[in-house]
Amino acid sequence: MGAIEFDGVAKRYGPVHAVRDLSVQVAEGEFLTILGPSGSGKTTILSLVAGLTAPSAGRILIAGRDVTHLEPQQRRIGLVFQSYALFPHLDVFDNVAFPLVVRGRPKVEIAAKVAAALARVRLDGLARRRPQQLSGGQQQRVALARAFVFEPDILLLDEPLGALDRKLREEVQVELKALQRDLGITTLLVTHDQEEALSLSDRIIVLDHGAMQQVGTPDEVYRRPANRFVAGFLGLANLLEGRVEAGRGLRLGSGELVACATGTRPEGSAAAAIVRPERVRLLPESAGEGIAARVRQDVYLGHLRRWHLDADAGQELVAAATDGDQSAAIGDRVRVSWSPADVWLLPEAGAAA
Amino acid sequence: MKAGRLTALVGIVTLVFLVMPILIVVGMSFSSASSLQFPPPGLSLRWYRSFFGDPRWVEALVTSTMLAFASSIVALVLGSAAAYGIVRGRFPGRGFIDANFMAPLIVPTIVVAVAMYLALAKVGLLGTWVGLVASHVVLSVPFVVLVVGVAIRSFDERIEQVAFTLGASRLQTVTRVLLPNLVPSLASAWILALIASFDEVIVTLFVAGVYQTVPKRMFNELVLEVNPTITAIATILIAVSVLAMAAIGLITARRGGLLKTMIGR
Ligand SMILES: Nc1ncnc2c1ncn2[C@@H]1O[C@H](COP(=O)(O)OP(=O)(O)OP(=O)(O)O)[C@@H](O)[C@H]1O
Ligand SMILES: [Mg+2]
Chain A
2 MGAIEFDGVA
12 KRYGPVHAVR
22 DLSVQVAEGE
32 FLTILGPSGS
42 GKTTILSLVA
52 GLTAPSAGRI
62 LIAGRDVTHL
72 EPQQRRIGLV
82 FQSYALFPHL
92 DVFDNVAFPL
102 VVRGRPKVEI
112 AAKVAAALAR
122 VRLDGLARRR
132 PQQLSGGQQQ
142 RVALARAFVF
152 EPDILLLDEP
162 LGALDRKLRE
172 EVQVELKALQ
182 RDLGITTLLV
192 THDQEEALSL
202 SDRIIVLDHG
212 AMQQVGTPDE
222 VYRRPANRFV
232 AGFLGLANLL
242 EGRVEAGRGL
252 RLGSGELVAC
262 ATGTRPEGSA
272 AAAIVRPERV
282 RLLPESAGEG
292 IAARVRQDVY
302 LGHLRRWHLD
312 ADAGQELVAA
322 ATDGDQSAAI
332 GDRVRVSWSP
342 ADVWLLPEAG
352 AAA
Chain B
170 MKAGRLTALV
180 GIVTLVFLVM
190 PILIVVGMSF
200 SSASSLQFPP
210 PGLSLRWYRS
220 FFGDPRWVEA
230 LVTSTMLAFA
240 SSIVALVLGS
250 AAAYGIVRGR
260 FPGRGFIDAN
270 FMAPLIVPTI
280 VVAVAMYLAL
290 AKVGLLGTWV
300 GLVASHVVLS
310 VPFVVLVVGV
320 AIRSFDERIE
330 QVAFTLGASR
340 LQTVTRVLLP
350 NLVPSLASAW
360 ILALIASFDE
370 VIVTLFVAGV
380 YQTVPKRMFN
390 ELVLEVNPTI
400 TAIATILIAV
410 SVLAMAAIGL
420 ITARRGGLLK
430 TMIGR
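Protein chains in written order, with our numbering: chain A, 2 to 354; chain B, 170 to 434.
Here it is, written out as structure tokens:
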């Protein structure tokens, strides 16, 4: 088992900075998710850990050992690609047995370990099938079994659930989390799906253009994002811009005061704050508090209902609630309110856009 | 519809134009006449008997066969290794090396022949068996580099990368992962190399010395006299080529044919 340490790791492809100055420590047994949009450098980080590409700068340590210049074979890493990359000429059993066979393990041991791994991913009956004869979900589980059967120190998963339909994906997420906990294996998972990241991870790294924007627990990155990018990438957010009134809150351009903790921000400095839609309450127009607004859209999402609102001062706002808890129809005039505790002042510098 | 019919007509005429001479040669090879005559006055196998009954022809056939097997196997091994390096390597100048392997296919054969003649003379291998095999390897290696190169290129590199992370050395990855998946392409490449060597005449004329291959003998015979035995040999060569192409067709049929395999899907 091993902790991973990135020490100033960077990777350039010619003019493209695929990964910039990444320094972060992953604890032993931790489930860390790398979340970012397409092209943000997620796969590159995994290939750097796996040793498939060499960093342009920095060091990577696994269990305290500098592996920066080690071959992939010497790193004891289990890797699952989005495309699964199963060996097309081998059946399920031989695919999973591969890492043990190339290590020259005795036949009896191989048979026992492969059987155990296949049972663990619930593929017992399919040992003699070829990859082409399996469904996407089954192929994904073969790739997973092949990646952990040789007891690697680290598991690297590159969008392993990307090709599965939503229902299957949610099932496999639960299984994957349970498997990771049983094995106690340090895991790096790559995804661009924020829900997947929030539900699976101990911590999340949010990546944009190769640069780490924030690292923290799911709760931290969702409720206390470091900047607008993180706030926007992890779901809808109401963005409020204005100037700090020390000790009172944020004075918006429209003149309204949004009460919130201002910390050590100097009086009059430009700042931005966010409020998550599910923290926003809709009040009748007659209510004395809140921002006056008109309902522009009413979106039904099944478990939730979402309202898009135009504040009288021109600001666009979003509110969401469990269906039935609140109601408002298109064109209704309402007042929008939230508790000061739900306003998060973005810590980013120079908030003025 | 009109355009369709015109296309069909042009196609048929072209096909007839291409196939006609072959059919005439095949027909004449079964002739009972003592000179080249078409249509044949009667049928017989006398020219086949004359071919197999002549020790000089049989010797040429043995030489050609041994030469084709030796050079195609060497070309397969070297060409496949080269293709792997060209496709998967990460060193500069790969394009140049690739072009270099392809050159014998593009440069006029007579230029290759003169070049081989001078080069082999320089190293003292002119007229030797080793020199002859080497020159045939040079001629058939482009087919191998082409076919195997395309096959490697269309094989997902991530599958090889996963093998590395699973602990397989480069050699294990090549032998246990890459090669098993290349078998159809390797077989096609080998057959193409075999045919390329078997019907080669120009370079052979320059470098073979005393060695007589079937095509070289045919060429020399034609210069002296027109003997219908030639048509029997030609028919045998055609049959071998057709069978070989059919074999390639069968081998690659599951993957949509050689052409598609080569274009890369
Ligand atoms: N081999 C390469 N050569 C040149 N540029 C590359 C190479 N691999 C990746 N890049 C570039 O590096 C950047 C990061 O790529 P990467 O594959 O890591 O993104 P990603 O976050 O995994 O994206 P996706 O979600 O689409 O898989 C991209 O701009 C990409 O074009
Ligand atoms: Mg990727």
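The beta-carbon is built from N, C-alpha and C at its ideal position, and this holds for glycine as well.
Under 7 Å between beta-carbons, which chain B residues line up against residue i? List them in chain order, please.
i	result
A86(A)	D325, R327, I328 and V331
P100(A)	L335 and G336
I35(A)	Going along chain B, no residue has its Cβ under 7 Å from I35(A), so there is no contact; the nearest lies around 17 Å.
I111(A)	Correct list: empty, because the minimum Cβ distance to chain B is about 13 Å.
I78(A)	T334
Quick one: Cα of residue i to Cα of residue j, how far?
i	j	result
S340(A)	L169(A)	38 Å
V343(B)	V352(B)	12 Å
R77(A)	L47(A)	14 Å
P1(A)	A64(A)	Outside the displayed range of chain A (2 to 354) lies residue 1(A), so it cannot be described from this structure.
P208(B)	M414(B)	28 Å
D22(A)	F7(A)	9 Å
E160(A)	A148(A)	14 Å
P57(A)	A11(A)	One detail in the question is off: residue 57(A) reads as Ser in this sequence, not Pro. Straight-line Cα distance between these residues: approximately 6 Å.
K178(A)	Q327(A)	35 Å
Q261(A)	A329(A)	The sequence shown places Cys at residue 261(A), not Gln. Taking the straight line joining both Cα atoms gives about 27 Å.
V276(A)	G79(A)	40 Å
D89(A)	T404(B)	Per the sequence presented here, residue 89(A) reads as Pro, with Asp not at that position. C-alpha separation (whole angstroms): 41 Å.
P224(B)	G211(B)	27 Å
G3(A)	L156(A)	10 Å
H305(B)	G258(B)	26 Å
N96(A)	M235(B)	40 Å
N396(B)	L205(B)	7 Å
G433(B)	A51(A)	Because the pLDDT of G433(B) is 43, which lies under 50, any placement of that residue in the model is unreliable, and the question is left without a value.
A191(A)	Q181(A)	Rather than Ala, the amino acid found at residue 191(A) in this sequence is Val. If you take the alpha carbons of V191(A) and Q181(A), they lie about 15 Å apart.
Q75(A)	R339(B)	13 Å
T201(B)	L214(B)	The sequence as given places Ser at residue 201(B); Thr does not occur at that position. So the alpha carbons of these two residues sit roughly 8 Å apart.
Is the beta carbon of residue i within less than 7 Å of some heavy atom of ligand 2?
i	result
K114(A)	no
K43(A)	yes
D209(A)	no
D325(B)	no
D194(A)	no
D203(A)	no
D326(A)	no
D159(A)	yes
For residue i, count neighbouring Cβ atoms within 10 angstroms of its own Cβ and tell me buried if that reaches 16, exposed if not.
i	result
N269(B)	exposed
K43(A)	buried
G9(A)	exposed
Q215(A)	buried
R121(A)	buried
N239(A)	buried
S202(A)	buried
E369(B)	buried
A171(B)	Looking at the sequence shown, residue 171(B) is not Ala but Lys. Looking at its Cβ environment, which holds fewer than 16 other Cβ atoms inside 10 Å, K171(B) is exposed.
R386(B)	buried
Which residues in chain A have a C-beta closer than 7 Å to the C-beta of residue i? List them in chain order.
i	result
A349(B)	The question names Ala, but residue 349(B) is Pro in the sequence shown. The contacting residues are H90.
V346(B)	F88
What does residue i touch in chain B if you count any residue whose Cβ is under 8 Å from its own?
i	result
P73(A)	Q330, F333 and T334
L53(A)	Q330, F333 and T334
F151(A)	L335 and G336
Any chance the CB of residue i is under 7 Å from a heavy atom of ligand 1?
i	result
V17(A)	yes
S84(A)	no
S57(A)	no
G315(A)	no
G40(A)	yes
G37(A)	yes
Y14(A)	yes
Cβ closer than 8 Å: which chain A residues qualify as neighbours of residue i?
i	result
Q341(B)	V103
For a contact defined as C-beta to C-beta under 9 Å, what are the partners of residue i on chain B?
i	result
R147(A)	V331 and L335
For chain C, find out if any of its Cβ atoms is closer than 8 Å to the Cβ of residue i; answer yes or no.
i	result
F82(A)	Of the protein chains in the structure, A and B, none is chain C.
Report task. Let me know the alpha helix (DSSP H) ranges lying completely inside the region 233-279 of chain B, each 4 residues or longer, listed in chain order. Result -> 263-275
Report task. Ignoring anything shorter than 4 residues or poking outside the region 181-256 of chain A, list the alpha helix (DSSP H) runs there in chain order. Result -> 195-201, 219-224 and 229-234
**Report entry** Complete runs of the alpha helix (DSSP H) confined to the region 361-421 of chain B [at least 4 residues]
**Finding:** 371-376 and 383-393
Query - Length at least 3, wholly inside the region 305-339 of chain A: the beta strand (DSSP E) runs in chain order - result: 305-312, 317-323 and 334-338
**Report entry** Those runs of the beta strand (DSSP E) which lie wholly inside the region 74-153 of chain A and span at least 3 residues
**Finding:** 78-81
Query raised in the report: Unbroken alpha helix (DSSP H) runs of length 4 or more, entirely within the region 315-366 of chain B: which are they?
Result: 326-334 and 339-342
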